[in-house]
Amino acid sequence: MTDLSIARAHCGPRCSTTSSSVPEWPAPMHFLSDILPAILAGITPAAVAGALGVTANCLWPLLRTRKRILAVQVLSSCLFALHYGLLGAPTAAAMCATGATQGLAVSLLRKPLLRNLAVAATIVFSLVVTALTWSGLPSVLALGGLLMAACGRLQRDPQHLRLAFLGSEAFWTNHNLVVGSVWGLTADTMAVSMILIGLWRGMRERRRTALPAPVIPARAVAAGA
Numbered sequence: 001m002t003d004l005s006i007a008r009a010h011c012g013p014r015c016s017t018t019s020s021s022v023p024e025w026p027a028p029m030h031f032l033s034d035i036l037p038a039i040l041a042g043i044t045p046a047a048v049a050g051a052l053g054v055t056a057n058c059l060w061p062l063l064r065t066r067k068r069i070l071a072v073q074v075l076s077s078c079l080f081a082l083h084y085g086l087l088g089a090p091t092a093a094a095m096c097a098t099g100a101t102q103g104l105a106v107s108l109l110r111k112p113l114l115r116n117l118a119v120a121a122t123i124v125f126s127l128v129v130t131a132l133t134w135s136g137l138p139s140v141l142a143l144g145g146l147l148m149a150a151c152g153r154l155q156r157d158p159q160h161l162r163l164a165f166l167g168s169e170a171f172w173t174n175h176n177l178v179v180g181s182v183w184g185l186t187a188d189t190m191a192v193s194m195i196l197i198g199l200w201r202g203m204r205e206r207r208r209t210a211l212p213a214p215v216i217p218a219r220a221v222a223a224g225a
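The sequence shown: position 182 = 182 (my numbering), numbered continuously.
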């Protein structure tokens with residue numbers, strides 16, 4: 001019997017592991033190793049486009065000028081067109097792409113007649129697309145959201161624009177519930193919150209500017225002179 005075997009016999013079960021055994025990871029590391037694959041699996045192109053769309057959708061209601069609002073809306077519509085296309089919701093993707101076209105037309109065309117004709121053309125196009133990509137209730141809700149958004153883009157007053165898009169969000173929220181778009185629902189929740197904040201802030205600014213200037217009594221003016 002060798003010296004090593006004698007030492008092991010005296011040591012007993014405590015020495016059963018060798019120096020080459022791998023140490024156990026701490027519990028937090030096991031937790032991370034379990035959830036990291038799930039997190040990485042969730043980072044899909046559709047999710048990335050949806051997350052960026054949510055960011056743009058939260059930003060535009062807080063902008064003060066109609067031009068900036070429309071520009072960020074175009075960006076948001078493009079991102080959600082990609083998101084819905086990757087999710088396999090063709091009508092919603094087409095409606096978002098049509099909405100982006102509307103926003104560009106309304107922003108770039110100076111004459112009201114041309115703007116109205118461009119928006120009317122996109123509405124006719126959206127009706128054709130809805131018929132070609134018909135999928136039942138989701139198609140109806142996506143079309144309703146586009147029509148309300150089209151009414152909003154034609155408004156010259158930012159407050160009226162926000163109100164129309166609040167109605168559009170009602171259609172899109174129900175659409176995203178039906179198709180199961182988590183990012184879409186997140187965008188709807190955030191957009192409604194931001195639109196309400198924008199409406200409140202706009203009302204407060206209008207009240208402030210509508211306040212009459214303080215009247216200085218004639219005696220005070222004479223005394224100052």
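Ideal placement from N, C-alpha and C gives every residue a C-beta, glycine not left out.
- Pairing residue 153 with residue 124 gives a Cβ-Cβ distance that is not under 8 Å.
- Closest by C-alpha distance to residue 181, out of 141, 149, 84, 206, is 84.
- For residue 169, the number of other beta carbons within 10 angstroms of its own is at least 16, and it is reported as buried.
- Between the C-alpha atoms of residue 132 and residue 48 there is a straight-line separation of about 28 Å.
- Excluding residues up to 5 positions away in sequence, 66 lie with their Cβ nearer than 6 Å to the Cβ of residue 158 in the same chain.
- In the structure shown, residue 144 adopts helical secondary structure according to DSSP, grouped into three states.
- For residue 174, the CB contacts under 8 Å within the same chain, skipping 5 residues up- and downstream, are 141 in chain order.
- Counting only the Cα atoms, residue 206 lies some 18 Å from residue 194.
- Excluding residues up to 5 positions away in sequence, 98, 101, 102 lie with their Cβ nearer than 6 Å to the Cβ of residue 122 in the same chain.
- In the three-state reduction of the DSSP assignment, residue 159 falls in the helix class.
- Within a 10 Å sphere around the beta-carbon of residue 90 sit 16 or more other beta-carbons, which makes this residue buried.
- Within its own chain, the residues whose Cβ lies closer than 7 Å to the Cβ of residue 56, once the five positions on either side in sequence are excluded, are 72, 75, 76, 79, listed in chain order.
- For residue 43, the secondary structure class from DSSP, reduced to helix, strand or coil, is coil.
- Taking 8 Å as the cut-off, the beta carbon of residue 203 is found no closer than this to the beta carbon of residue 54.
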